[in-house]
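**Student:**
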Amino acid sequence: MSINKTTKVSGPPNSDESVSNGASTPKTRQRGLPDRSSLQSLAETYIHVQQQHWPKEIARVYPEVSRKSDLGRMIELFERTYISGEPSTEIDGPSEGGMLGVAYCRYSDANSNPRSLDQQLKNVLERAAKEAFFVPWQYVFADAAISGTTDKRGGYQLMKSLIVRDAGAPKCFFIDELGRASRDHIESLTLGRLIEQCGKRLIGATDGFDSENPTSKIMLTIFSMLHELFVDQLREKVGRGLDDSFRQGKPLYKPSYGYALEPILDDNGVPIVSQGGKPIQQVVIVPAEAEQVRRIFKLYADDGWSPRRIAQLFNEEQIDDRQSWSNSLIRNALQREMYRGREIWRRTAKKMDPQTKVIRTVNRPEEEWRVREMPHLRIIDEDLWRRAQDRMEELSVAYNAADSSISRNEGHAKRIFNYFCHGCGKPMWSGRGSSRPVVCCPRGRDGIDGCNMDGSKTVSHIDQSLLNFILGKLVDGQFVTNLVDAANNYLTDLPRAPSPDKKVIEREIKSKSKSIDRIVSSLEAFDEEADLVPVLQKVAKLTKEVSELKSQLTAAEQSHAKVDPIRHDQAAELVADLSELLYRDTEASNRVLSALVGRVKIERGEKISQRRFKWYAHFEFNSVPVLLEIARQKSCPSTDTWEFLSDRSWTTEVPTTLEIRRFTNAEILSKTVACMHAAGSSRNNIAISLAIDSTTVDTALRLWGDGERCYLPDQRLVESRRFESIESVKLQQEVRRLVDEAGLDFKEVGEKLERSSALVARAYKQADPTKNRLLAMDGAILRKSAKRRISQEQINLIRLRVTESKMSNRKIAQEVGCDHHTVADEKQRMASEGIDF
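Read in order, the letters of the sequence shown correspond to residues 645 to 1481 in the working numbering.
(1) Leaving out five residues on either side along the sequence, give the residues of the same chain with a beta carbon under 7 Å from the beta carbon of Asn1328.
(2) Does Glu1311 pass the burial test, meaning 16 or more other C-beta atoms within 10 Å, or should it be called exposed?
(3) Less than 7 Å separating the beta-carbons of Met996 and Ile1003?
(4) For Asp854, does the three-state DSSP call read helix, strand or coil?
(5) List, from N- to C-terminal side, the alpha helix (DSSP H) runs of 4 residues or more that fit wholly inside the segment 1043-1111.
(6) Should the segment 1093-1103 be regarded as contacting the segment 1076-1084, the criterion being three or more beta carbon pairs within less than 8 Å?
(7) Whole angstroms is fine: what's the gap from Asp660's alpha carbon to Glu720's?
(8) Going by DSSP, what residue range makes up the alpha helix (DSSP H) through Pro931?
(9) Using the beta-carbon count (16 or more within 10 Å), is Arg771 buried or exposed?
(10) Measure the C-alpha to C-alpha separation of Glu961 and Glu1011 and round it to an integer number of angstroms.
(11) So what's Leu978 in DSSP terms, helix, strand or just coil?
(12) Under a Cβ-count criterion, where at least 16 other Cβ atoms within 10 Å of its own Cβ denotes burial, should Met1320 be classed as buried or exposed?
(13) For the segment 782-830, which segments carrying the alpha helix (DSSP H) assignment without a break, of at least 4 residues, lie completely within its bounds, in sequence order?
(14) For Glu1363, name the three-state secondary structure that DSSP assigns.
(15) Looking at C-alpha atoms only, which residue of Asp1342, Val1341, Gly921, Ala1130 is the closest neighbour of Trp1286?
(16) Given Ser1372, which residues of its chain have a CB within under 8 Å of its CB, disregarding the five upstream and five downstream residues?
(17) Check this for me: beta carbons of Gln892 and Ile908, under 7 Å apart or not?
(18) Comparing alpha-carbon positions, which option in Arg1443, Asp787, Leu769 lies nearest Pro780?
(19) Which whole-angstrom value is the C-beta distance of Ala747 and Tyr783, which I expect to be below 8 Å?
(20) How should Ile819 be labelled, buried or exposed, when 16 other C-beta atoms within 10 angstroms of its C-beta is the threshold for buried?
(21) From the DSSP output, read off the bridge partner residues of Ile1304.
(22) What is the DSSP secondary structure of Asn1133, reduced to helix, strand or coil?
(23) Cutting at 6 Å between CB atoms, please list the residues of its own chain near Arg1014, excluding the five before and the five after it.
(24) Can you give the Cα-Cα distance for Thr637 and Tyr1355, rounded to whole angstroms?
(25) Between the C-alpha atoms of Gly848 and Asp888, what's the straight-line distance to the nearest angstrom?
(26) Keeping to the same chain, check which residues put their C-beta closer than 7 Å to that of Val1128; ignore five residues upstream and five downstream.
(27) With 16 other CB atoms within 10 Å as the buried threshold, where does Thr1005 fall?
(28) Span of the beta strand (DSSP E) holding Ala993?
(29) Does the beta-carbon distance from Glu1189 to Lys1156 come in below 7 Å?
(30) Applying the criterion that 16 or more other CB atoms from any shown protein chain within 10 Å of the CB defines a buried residue, is Gln764 buried or exposed?
(31) Could you tell me how far apart the beta carbons of Arg1417 and Ser1333 are, in whole angstroms, since I believe they sit closer than 8 Å?
(32) Going by DSSP, name the residue or residues bridged to Met743.
(33) Between the beta-carbon of Pro998 and the beta-carbon of Arg975, is there less than 7 Å?
Here it is, written out as structure tokens:
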């Protein structure tokens, strides 16, 4: 059996340097496995003792034990056995008399003396020799810095595996004393029962225990009880000492990320030392790490990032020169009270399951906590801490409660809109249809509470419909005009409205607050069996009324405040900035769109064919909260006005019902195609630059000419349509190599690859889509082969005829001896060079 926890290991397995000085390498070391220096001492002790009692065996097995390479081989064998969890089956036994034995050693704490293993091994080997048992190196097991209260120890489990082995197994097992095997009463008795049932023998070298002794059961029971009692008393003493150190403000453990330990200096700058001669240390803030801690909290609380995404970012940036940031590490940091200047100790405890022996961490009751305020170590201000905890609590409810007030997507956005069922009002679930992501209502699927929306809708179709509507609104100049006029009219009419009496509102607030205090103070007199639900409901109702009255009081105080009207040009700039915010990452876009349209309720409408239905999206379009946030970020002069409108709950919410439909490629690309065609690009060049066919180009031009407008961005579509299954895309790399490096023209490449020259030309031109797109927008010709298919004399004759005559392309082609498309291409080259013809 092997232990999974790991620490650092020193040196390569079989290197002289690692054995002699423990040089550090970036390997991981299994928990409980002794370090290299301890193993070297253990091997030297083994050789020294066994040479005294079994000289012939040691000379035969280890003929050159003085060499460091032999010690390295022994260390490597020990490590390999420990890590594999399987004891070796090839053992060199004694040649003259004697039987095989097993040795086990252990020490408990990292602060213990590692030489304890050597001392235990010396005692064990000498006792084994007296009993005429030879212990081979393969049967020397040890655990370092691991408690005997658990049986999850690599060396201990190796020893137990030999106890139950039959063929060729050792008969006797040696330990220094019973406490080295286990300090758990039940585990010690279990070990004794296992030894008895398997017909083996267990001997303690220093405590006199021998399982073949008639009184061994009594001794085992007494010794195991004493060892467990010793651990309990030691744990209590350590707990008292730690409690005292905690009250004195001393650091008890290694500081968390963001802090470090440094020695306390006296007036002369000399470190102050304790009675034991060790420097007295204090916890201090590390500025660079503290900045990253604040970054974690801001990304989570303010930017809506998930702990997993923060961990991925930190690993990409290699924060703190490491790539071991994880979801759980970030989540633990967000809950660490130390960052707010408040340290809590004894918050958790470790409990072992008596059946499975699994150790679990459990929360202690709050009255058992030890708390101390450390304001000088505060990294996160209280406001940011509270925002992070509120979001964490909100998300915890969203992921664990059926009646959560928010959906999972509102907590950790994986879609740009928040979709809810129009029938039951519950969040819609994400899924995957035949080839694309879809959303559906799980309650409608099962018919719960009468919800009948049992179908699913493609997410991209909903996103496209909503984005097209929103972008159409934002580019519409009339929308900005109507918004500004409505806001300014509201500001103009506001002073004319009668303002509420502030004194009356203040009296009501005072009266209701007294009622709340009176009810709360009387709760102590209630009988434990009394029904407090009506009382608590009344308190909640009064609290809500007080909150509403305070809002009315704030509005009354601002009723005659003078604010400047909003200018049309300022509002137009904010709307333009809003359009740009929609193209950020998913989480950022979700925050903007959530404020803009709120929750989008999806409804399945009437049936239009056997398997198709109409689908609708219901939402309320309100641009005020988003424009206010943009104005704050840009320090816009109209910020105060937008804040005033928001505080008075002025809104532009318009209930909207939108039919969801699929947008064709021709619709999405219609504006881009029209711009390229107006610049002089041919239909073929447009098709090549956008990776579409000529029919789509014709349809896009027709739609644009008919006045149909689509406001969706087309760049993502163009990039997503470059599938490797397209023949021209498959050939791109080989075509570019043959044209650019081998100097072949398209016709020669086509013959070599057994493809048409037209397909080769398309593959070559599509190899650089970004450049092709820019060329097509300028009306320039697309990338051509470096090798021309006509001679320089033919090129010169074409240019001469183009500039000096009005001959058609076909006539010039007949005279020169080329294709009329070649003449057209040459004309485009001349135009790009600025030649007038």
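We put the beta carbon where it would ideally sit given N, CA and C, even for glycine. Please read these numbers as outputs of a predicted model, since none were measured by experiment.
**Tutor:** The relevant details are as follows:
(1) Taking Asn1328 as the centre and dropping the five residues before and after it, the same chain places the C-beta of Ser1338 closer than 7 Å to its C-beta, in chain order.
(2) So Glu1311 ends up on the buried side.
(3) Yes, they are a contact pair.
(4) Strand, per DSSP.
(5) Listed in chain order, they are 1052-1055, 1086-1090.
(6) Touching, yes, given that three or more Cβ pairs across the two stretches are closer than 8 Å.
(7) Per-residue confidence for Asp660 stands at a pLDDT of 39, beneath the threshold of 50, marking its modelled position as unreliable; the derived number appears in the next sentence. Roughly 12 Å separates the two Cα atoms.
(8) Pro931 -> alpha helix (DSSP H) spans 931-945.
(9) Answer is buried; the Cβ neighbour count reaches 16.
(10) Linking Glu961 to Glu1011 through their CA atoms gives a straight-line distance of about 42 Å.
(11) Looking at Leu978 - three-state DSSP - the assignment turns out to be helix.
(12) Buried, since its Cβ has 16 or more Cβ neighbours within 10 Å.
(13) Entirely contained in the segment 782-830, the alpha helix (DSSP H) runs reaching 4 residues are, in chain order, 798-807, 822-825.
(14) Since pLDDT at Glu1363 reaches only 41, below the 50 mark, its modelled position is unreliable, and the value read off the structure follows with that caveat. Taken through DSSP and simplified to helix, strand or coil, Glu1363 comes out as helix.
(15) Looking only at Asp1342, Val1341, Gly921, Ala1130, the smallest Cα-Cα distance to Trp1286 is reached by Ala1130.
(16) Sequence-distant Cβ neighbours of Ser1372 in its own chain, meaning closer than 8 Å and more than five residues away, are Leu1403, Arg1406, Ala1407, Gln1410.
(17) Taking C-beta atoms as the reference points, Gln892 and Ile908 fail to come closer than 7 Å.
(18) Distance check between Pro780 and each of Arg1443, Asp787, Leu769 places Leu769 closest, using alpha-carbon atoms only.
(19) Confirmed, Cβ separation roughly 7 Å.
(20) Of the residues assessed, Ile819 falls on the buried side of the cut-off, its CB having 16 or more other CB atoms within 10 angstroms.
(21) Answer is Trp1259, bridged to Ile1304.
(22) Assigned with DSSP and collapsed to three states, Asn1133 falls in helix.
(23) Correct list, in chain order: Phe890, Trp989, Arg990.
(24) Coverage of the chain is limited to positions 645 through 1481, which leaves residue 637 absent and any answer about it impossible.
(25) When rounded, the distance between both Cα atoms is 38 Å.
(26) If the five residues before and after Val1128 are omitted, its C-beta is found closer than 7 Å to the C-beta atoms of Ile1210, His1212, Ala1215, all from its own chain and listed in chain order.
(27) That one is exposed.
(28) Boundaries of the beta strand (DSSP E) around Ala993: 992-996.
(29) For Glu1189 and Lys1156, yes; Cβs fall inside 7 Å.
(30) Counting every other CB atom within 10 Å of its CB across the protein chains shown gives Gln764 a total of 16 or more, marking it as buried.
(31) Yes, they are in contact, since the Cβ atoms of Arg1417 and Ser1333 sit about 5 Å apart, within 8 Å.
(32) Paired residue(s): Phe777.
(33) With respect to Arg975, Pro998 sits apart: the two C-beta atoms are not nearer than 7 Å.
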